[in-house]
């Protein structure tokens, strides 16, 4: 913004600040001595920044008031602190998620591989011990042979997971038996699959702000540059109070101006959005309100998630096994302890003793507590997210249903039955449809009080006569806008050569 623009805007905001009871455009012109057209341009920007309330007087003029105080949404220490904290929190969340994701990847796969190696080492020791002396064969059957069966079962699990699961993406059987096998298609990276299971796949509505604005702009352009508050509510799903605050932001951003019709209905006019070079016909009727997409728990296949469950279960079992044995058996190892249940622990303890004098704390924490806690978290986070996804999807469904409900009431305001608000799309159907419909009626009833009657079948019928009057006033207002309002006219200047083109 240039210095002259900043100075003019400062004068407008100061004039609003001094006018405690509200002000019209004429009041601001009188207090600032700025040109009328300049004030009309700056008032919507000030109304958005300071959260103005718009009132229509009997004469049809719009009165701007600030019942919530004259505090800027974008400037000042509080606004700057809020933006800083928002960015800081977003950055901290991204960094923490990255570290946590790396930690999960290392823990899940790393501990699984470690436990498999321990089991494999125990298997090898068991085989060596069982063949060492035939004189001790009977005793080994009670310990070494039992441990052999236990460890061989774990080893068999390694083989199954490594060679037959989707995790390694080994060559598919469809590509065998060819002289020149075709390249195997690349599978999804393992770390992305793990993150999808634990954290999901992100927000499917990350582009929502852009999609919503495009829908609103398209509707404005299709309807002679004019939109009413109920229409804006239908496109955005905002309640009347929310819509009133947000539409002033659209005015500031896209050059709109609030105007009053002959009967005092407020409309919002965006003449500059009509000046399009695109000749595509946008004279459609009705609404094309975008709906939010539902969250999915994970984009992985059920088989893939099942393998993650198997791996985490292995870590959970091993962690519990080692923690139990460190607390019960500890460092006292005798032949009696080398049975099928504690053989693996005994071998691990003996092998660890070659590297450190007292391996018990390491085994207790490193092989017991840490993997046990991690495995519990690995189950807990997706479980909590599962219920969070269900809650968020219910919220999205209610928001989408609100758009459908507002649109239905706006189209036929004089005979509204709650049961008529019945979209078929799953994204628009919350669990409690009856409660959601009643809430929609109450919300739009706060904007325009309906008349209530009982229908022939005993059902409740609402008549929003005020909305019908507003529809008629809006149609009359739009009909008064010239058809050539969006015409660009002939080209009078061409930058190629910098010459004027004669008419």
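Residue numbers (our numbering): -9 to 493. Where is the CB? At the ideal position from N, CA and C, for every residue including glycine. From a predicted model like this one, the values you see are computed outputs, not experimental measurements.
- In the three-state scheme derived from DSSP, where H, G and I count as helix and E and B as strand, residue 51 is classed as coil.
- Per DSSP, residue 355 lies in no beta strand (DSSP E) and is assigned neither H nor E.
- Setting aside the 5 residues that flank it on each side, residue 60 is surrounded in the same chain by 7, 40, each with a C-beta closer than 6 angstroms to its C-beta; the list follows chain order.
- Along the region 377 to 460, the alpha helix (DSSP H) occurs as fully enclosed runs of 4 or more residues at 423 to 437, listed in sequence order.
- When rounded, the separation of the alpha-carbon atoms in residue 192 and residue 342 is 43 angstroms.
- The DSSP-derived three-state label of residue 13 is strand.
- Counting every other CB atom within 10 Å of its CB across the protein chains shown gives residue 444 a total below 16, marking it as exposed.
- At least 8 angstroms separates the beta-carbon of residue 74 from that of residue 190.
- Residue pairing by DSSP puts residue 257 in a beta bridge opposite 218, 249.
- When 386, 113, 441, 467 are compared, the shortest CA-CA separation from residue 194 is found for 386.
- In the structure shown, residue 43 falls within a strand segment according to DSSP collapsed to helix, strand and coil.
- Exclusion of the five residues before and after residue 38 leaves 238, 239, 242 as the residues of its chain whose Cβ lies within less than 6 angstroms of its Cβ.
- Assignment of residue 310 by DSSP, reduced to helix, strand and coil, places it in the helix class.
- For residue 339, the secondary structure class from DSSP, reduced to helix, strand or coil, is helix.
- With a cut-off of 8 angstroms on Cβ pairs, the region 415 to 429 is in contact with the region 380 to 394, counting three or more such pairs.
- Non-local beta-carbon contacts of residue 372 in its own chain, meaning distances under 7 angstroms to residues more than five positions away in sequence, involve 187, 188 in chain order.
- Taken atom to atom, the span from the alpha-carbon of residue -6 to that of residue 469 is near 38 angstroms.
- In this model, residue 98 and residue 340 are separated by some 25 angstroms (Cα to Cα).
- Taking C-beta atoms under 8 angstroms as the contact rule, residue 280 and residue 400 fail to qualify, at a distance of about 17 angstroms.
- For residue -5, the enclosing alpha helix (DSSP H) has its first and last residue at -7 to 8.
- Secondary structure note for residue 185: its alpha helix (DSSP H) is the uninterrupted segment 180 to 189.
- DSSP, read as helix, strand or coil, puts residue 282 in coil.
- By the criterion of at least three beta-carbon pairs nearer than 8 angstroms, the region 217 to 236 is not in contact with the region 8 to 24.
- In chain order, 222, 226, 228 place their CB closer than 8 angstroms to the CB of residue 236, counting only its own chain and leaving out the 5 sequence neighbours on each side.
- DSSP places residue 201 within a helical segment (H, G or I) once states are collapsed to three.
- Minimum Cα-Cα distance from residue 438 among the listed residues 460, 412, 288, 65 corresponds to 460.
- Residues of the same chain with a CB within less than 7 angstroms of the CB of residue 103, apart from the 5 flanking positions on each side, do not exist.
- Taken atom to atom, the span from the alpha-carbon of residue 334 to that of residue 109 is near 7 angstroms.
- Here the region 247 to 266 makes contact with the region 209 to 218; the two share three or more CB pairs at distances below 8 angstroms.
- Rounded to the nearest whole angstrom, the CA to CA distance from residue 55 to residue 384 is 36 angstroms.
- By the neighbour-count criterion, in which a residue is buried when 16 or more other Cβ atoms sit within 10 angstroms of its Cβ, residue 78 is exposed.
- Here the alpha carbons of residue 185 and residue 358 stand approximately 24 angstroms from one another.
- Relative to the Cα of residue 317, the nearest Cα in the group 409, 288, 297, 355 belongs to 355.
- The beta-carbon distance between residue 467 and residue 216, rounded to whole angstroms, is 7 angstroms. This is short enough to meet the 8 angstroms contact definition.
- Assignment of residue 347 by DSSP, reduced to helix, strand and coil, places it in the coil class.
- Remark: C-beta atoms of residue 361 and residue 308 approach each other more closely than 8 angstroms.
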